[in-house]
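Colleague: Position 14 (the sequence shown) corresponds to 14 in the UniProt record's numbering; numbering is contiguous. Quick reminder that beta carbons are idealized off the backbone N, C-alpha and C, glycines included. Have a look at the structure that comes next, please.
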Amino acid sequence: MRTAKRFVPAFGVPLLTVAGYGAFLQPTGNVHEVSKGQVYRAAQLDAAQVLEPIEALKAAPKPVPIDCRGGADRTGLAAAL
């Protein structure tokens, strides 16, 4: 019972807040594309730009260290490639 008394305020309130915010956004239509048919307005890579890091990773001696000092999202993308 003590655990439940701690668990509900610690996790239930933030969960209800996020769910309430999502429930507000959906019917009000406050969700939209940045540009028609595109997720992002800038940094759209063409096929050659996508293949460039893939080829570099293929040619590099293994294992390939990937440093996330400058951007965790770019590091995740490089690791996924």
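Given this structure, state the Cα-to-Cα distance separating Pro61 from Leu45, to the nearest angstrom.
Modeller: Roughly 26 Å between the two C-alpha positions.
Colleague: Quick one: Cα of Asp67 to Cα of Lys5, how far?
Modeller: Roughly 42 Å between the two C-alpha positions.
Colleague: Tell me the rounded alpha-carbon separation between Glu52 and Lys36.
Modeller: The alpha-carbon atoms of Glu52 and Lys36 are separated by roughly 27 Å.
Colleague: Run through DSSP, which three-state label would Asp73 get?
Modeller: Residue state, collapsed to three classes: helix.
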